[in-house]
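**Student:** Residue numbers (the numbering used here), protein chains in the order written: chain A, 1 to 257; chain B, 1001 to 1379. Every residue, glycine too, gets a C-beta built ideally from N, C-alpha and C. Here it is, the structure in full.
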Amino acid sequence: MDLKLDELSVVTDGKSLVRGLSLDVPDGQVVGLVGPNGSGKSTALRCVYRALRPSSGTVWVGEQDVTRLPMRHSAQTVAAMTQDGGVEFDFTVEEVVALGRAPHLRGNQALSGRERGLCERAMEQLDIGHLAHRGVLTLSGGERQRVLLARALVQEAKILVLDEPTNHLDVRHQIDLLSLLRGSGLTVLVVLHDLNLAAAACDRLGVLSQGRLVASGTPAEVLTTQLILDTFGVRASVVPHPLTGGPQLLYALNSTR
Amino acid sequence: MPPSSTSVSSAAGGAAEPAEASTPRPAAAVRGRLASRKALLLTCLVMAAVLLVSVVVAIGLGPTVVTPGETARHLWAALTGGRVGADEATTYQIIWQIRTPRVLLAALVGAGLSAIGVAIQAMVRNALADPFVLGVSSGASVGAVWVTVTGGLAALGIYAVSVGAFIGALVASLLVYAASSSRGALSPLRLVLTGVAMSLGFQAVMSLIIYFAPDSEATSMVLYWTMGSFGAATWGALPVVSVVVIAGLAVLYRYGRVLDVLSLGDETAASLGFDPDRHRKVLLVLVSLVTGVMVAVSGAIAFVGLVMPHVVRMVVGATHARVLAVAPLVGAIFMVWVDLAARTLVAPRELPLGIITALVGVPIFIALLRRRGYTFGGR
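Dropping the structure here:
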């Protein structure tokens, strides 16, 4: 299912956080959103998973304007792994993952056998099966992040949006997570800070700066020395990856403008 | 659709952490949790039985001691319209007219406070919240004191104070709601802070009324409302309280999964298809009504609504449908015994309930805080 941001703008307290953002995420593709801190990446995502209503513009989910769908219905179509994944109460890992089924269940309706199996598979895929009965408050940041992705996966939505899903993960789990996204066949919109990971994992990239889309295209088209300098204020060398040939950025410590 | 990347899953599950993977799962028993539905049902049945026995025992105890068997016989006679001997008329009066409504009210309020505590903590995402954090009890106190001092609502007779307290509770809730909502949103933190600030304001108003009060009855009224008592329990008020509390508990139970989702935070709630503000508004109305009614008949009994949710969560886990099934029973049992202690320990005088709940509740709370493995909502 396609995801399409169409002239999306968000104004909060007189501040323009996102300005006329248009971005297509074709069915089954992984599109990365990159940009400096405060460039509006998370704000744009929040409009997709209904935490925020856009001031103008539309988020299209397939043929539907997402704000016209009942929230429950849109949660069956769009799953999110948010940054604010904080859990205040001592749920077990298993319980948090099972809450991913909430949009499909009525009231306190129990999970079916198929749904329990789904949860177990997701936990195995994210390498948290052994933590099933641990309290989420006792987990490390990276373990917690994997729990939140498992929860988003069991939502069985066609579209997945993720806000910095790898920022607490060790390199092994970063690679596992992004490979999993690529192999999932889902339509994925993901905010990433690591440009090299973004280049390796995404079919296309969108670059945001001060709420505007300043570039979009394949990683090779987008990640140029000039764009990195203009957007991030960093002098980077772009070199081909020795194994995959994709663009990779190299920086030195004194390379900021 | 579920992800189908088998290569990733086998790679991730296999070699990464073989030591951890081969360790047996930390069993549910380690955390002292009752995971299965059967165990939960059994717990509820046992608790219900304990509650029933507690009620009968508590009705029998007091200045006139009646054995549980005798008590049960009298209650049976009252319920089925049976006869008791003429020489037992006094005992019957004490049991049925005085103690039964009081013990039943204690059970209802204990159940209600525990369940409302669970709901409030989840909806404002704060483990230190209790049913009175939104200013309901201090608003009720203002209402009660106002009615006592001015003699308002006199037409309502013995119910004037309760009705005044209820009105005060509702006014307080409305004020807190109005002051904390902005552009249709109801932020949990703002709700708590507004409630705390409003509570202090209402307490000042109450002190002011007492300061200018011509009589001293208002002073004892303050003690009553800030500490709580079931001394005024009658059959007259019981139907209203039981309908409101039991209906409130039933609705709250149906909100179990909503509370689960709300306690994960607003962003997550939205992504799971739940509008957090809309649900918080509904819950706020429900919580205010039930708390208002309870405070109106018993005053503000501290600690029950704060401690019971934590005690229950430690045993059954955080899932709200389970917590909300057990917490009312535990709260009811606790309150029946607290009330018994209040009216028998220093008889013929009565201790305010809040003193006993605090004496019991504070050590439990501190012990909980210090216990390893239970994290409350922080690390």
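1. Would you call the stretch 1362-1369 of chain B and the stretch 1141-1148 of chain B touching, i.e. three or more CB-CB distances under 8 Å?
2. Just confirm the distance between the C-beta atoms of T58/A and D6/A, as a whole number of angstroms; I'd bet it's less than 8 Å.
3. Just checking my contact of L178/A with A201/A at CB under 8 Å: how many whole Å lie between their CB atoms?
4. Flag this pair as touching only if the stretch 1266-1285 of chain B and the stretch 1090-1110 of chain B have three or more C-beta atom pairs under 8 Å; answer yes or no.
5. Which residues, in chain order, does the stretch 1314-1327 of chain B contribute to contact with chain A at a C-beta distance below 7 Å?
6. Helix, strand or coil for L213/A? Go by DSSP, reduced to three states.
7. Can you name the residues of chain A whose CB is closer than 8 Å to the CB of L1272/B?
8. Answer yes or no: does any C-beta atom of chain A fall closer than 8 Å to that of R1370/B?
9. Of all the alpha helix (DSSP H) runs that stay within the bounds of the stretch 1192-1251 of chain B, which reach a length of 4 or more residues?
10. Please say whether V1258/B and I1196/B have beta carbons closer to each other than 8 Å?
11. What residues in the stretch 1256-1283 of chain B have a beta carbon less than 8 Å from any beta carbon of chain A?
12. Compute the beta-carbon to beta-carbon distance between V211/A and V18/A, rounded to the nearest angstrom, for a pair I have assumed lies under 8 Å.
13. Pick from Q1203/B, V1297/B, H1310/B: whose alpha carbon is nearest that of A1160/B?
14. Just checking: is the beta-carbon of A1127/B within a distance shorter than 8 Å of some beta-carbon in chain A?
15. Using alpha carbons as the reference points, say which of A1332/B, A1237/B, L1061/B, V1261/B lies closest to L105/A.
16. Count the other CB atoms, across all protein chains shown, that sit within 10 Å of the CB of D1339/B; report buried if there are 16 or more and exposed otherwise.
17. Give every residue of the same chain whose Cβ lies closer than 6 Å to the Cβ of V1084/B, excluding the five residues on either side of it in the sequence, and list them in chain order.
18. Can you tell me which of L169/A, E120/A, K15/A, H241/A puts its alpha carbon nearest to the alpha carbon of G141/A?
19. Alpha carbons only, please: which of M1206/B, P1309/B, P1188/B is nearest the one belonging to H1279/B?
20. Verify the CB distance criterion: does R1349/B have a CB-CB separation below 8 Å to chain A?
21. Would you list, in chain order, the members of the stretch 113-125 of chain A that have their beta-carbon closer than 9 Å to a beta-carbon of chain B?
22. Please report how far the alpha carbon of P1352/B lies from the alpha carbon of V1066/B, in whole angstroms.
23. Within 8 Å of any Cβ in chain B, is that where the Cβ of Y49/A sits?
24. What separation, rounded to the nearest whole angstrom, lies between the Cα atoms of S1114/B and D163/A?
25. According to DSSP, is S179/A helix, strand or coil?
26. Taking Cβ-Cβ distances shorter than 9 Å, what residues in chain A pair up with S1254/B?
27. So what's T58/A in DSSP terms, helix, strand or just coil?
28. Would you call the stretch 1284-1296 of chain B and the stretch 1311-1322 of chain B touching, i.e. three or more CB-CB distances under 8 Å?
29. Which two residues bound the contiguous alpha helix (DSSP H) that contains G100/A?
30. Per DSSP, which one or two residues make a beta bridge with I1094/B?
31. If we count Cβ pairs, one from each stretch, closer than 8 Å, do we get three or more for the stretch 61-80 of chain A versus the stretch 125-132 of chain A?
32. Identify, in the order they occur along the chain, each residue of the same chain with its Cβ nearer than 6 Å to the Cβ of P1026/B, setting aside the five sequence neighbours on each side.
33. Between the Cα of R1102/B and those of L1359/B, P1348/B, V1346/B, M1335/B, spot the shortest distance and give me the residue it belongs to.
34. Over the uninterrupted beta strand (DSSP E) stretch that includes Q248/A, give me the two end residues.
35. Where does M1123/B fall in DSSP's three states?
36. Within the chosen definition, does the stretch 1166-1179 of chain B reach the stretch 1128-1142 of chain B through at least 3 CB pairs nearer than 8 Å?
**Tutor:** The relevant details are as follows:
1. No: the two stretches stay apart, fewer than three of their Cβ pairs being nearer than 8 Å.
2. With 8 Å as the limit, T58/A and D6/A qualify as a contact, their Cβ atoms being about 5 Å apart.
3. Here L178/A really is in contact with A201/A; their C-beta atoms are around 4 Å apart, less than 8 Å.
4. No, the stretch 1266-1285 of chain B is not in contact with the stretch 1090-1110 of chain B.
5. Within the stretch 1314-1327 of chain B, the qualifying residues are G1317, A1318, T1319, A1321.
6. If DSSP states are grouped into helix, strand and coil, L213/A belongs with the strands.
7. Listed along chain A, the residues sitting closer than 8 Å to L1272/B by beta-carbon distance are A75, L99, G100, A102, P103, Q155.
8. Using a CB distance cut-off of 8 Å, R1370/B does not count as an interface residue toward chain A.
9. For the stretch 1192-1251 of chain B, the full-length alpha helix (DSSP H) segments reaching 4 residues or more read 1217-1227 along the chain.
10. According to the sequence shown, residue 1196/B is Val rather than Ile. No, the Cβ-Cβ distance between V1196/B and V1258/B is not below 8 Å.
11. Residues G1256, R1257, D1260, V1261, S1263, L1264, G1265, D1266, E1267, T1268, A1270, S1271, L1272, G1273, F1274, D1275.
12. Reading the sequence as shown, one finds Gly at residue 211/A and not Val. Right, the Cβ-Cβ distance comes to about 5 Å (below 8 Å), so this counts as a contact.
13. Comparing Cα positions, the closest option is V1297/B.
14. Yes, contact with chain A.
15. Taking only the C-alpha atoms, the option nearest L105/A is V1261/B.
16. In the assembly as shown, D1339/B is a buried residue. Its beta-carbon has 16 or more other beta-carbons within 10 Å.
17. Result list for V1084/B: A1077, Y1092, in chain order.
18. If we check each option's Cα against that of G141/A, L169/A comes out closest.
19. Among M1206/B, P1309/B, P1188/B, the Cα nearest to that of H1279/B is on P1188/B.
20. Not one chain A Cβ lies under 8 Å of R1349/B.
21. Under the 9 Å Cβ criterion, the stretch 113-125 of chain A contributes L118, R121, A122, E124, Q125.
22. About 24 Å.
23. The C-beta of Y49/A comes closer than 8 Å to at least one C-beta of chain B.
24. The straight-line gap from Cα to Cα measures roughly 37 Å.
25. Taken through DSSP and simplified to helix, strand or coil, S179/A comes out as helix.
26. The sequence shown places Arg at residue 1254/B, rather than the Ser named in the question. Neighbours of R1254/B on chain A, chain order: G107, N108.
27. Annotated three-state conformation of T58/A is strand, per DSSP.
28. Result no; under three Cβ-Cβ pairs closer than 8 Å.
29. Boundaries cannot be given for G100/A, as no alpha helix (DSSP H) includes it and DSSP labels it neither H nor E.
30. Within the DSSP secondary-structure output, I1094/B pairs in no beta bridge.
31. Using a Cβ-Cβ distance cut-off of 8 Å, the stretch 61-80 of chain A and the stretch 125-132 of chain A are not in contact, since fewer than three pairs of beta carbons, one from each stretch, lie closer than that value.
32. With a pLDDT of only 42 at P1026/B, under the threshold of 50, the placement of this residue in the model should not be trusted; the figure read from the coordinates follows. Answer for P1026/B: no residue qualifies.
33. For R1102/B, the closest of L1359/B, P1348/B, V1346/B, M1335/B by C-alpha to C-alpha distance is M1335/B.
34. Where Q248/A is concerned, the enclosing beta strand (DSSP E) starts and stops at 247-256.
35. Note: M1123/B maps to helix in three-state DSSP.
36. Result yes; three or more Cβ-Cβ pairs closer than 8 Å.
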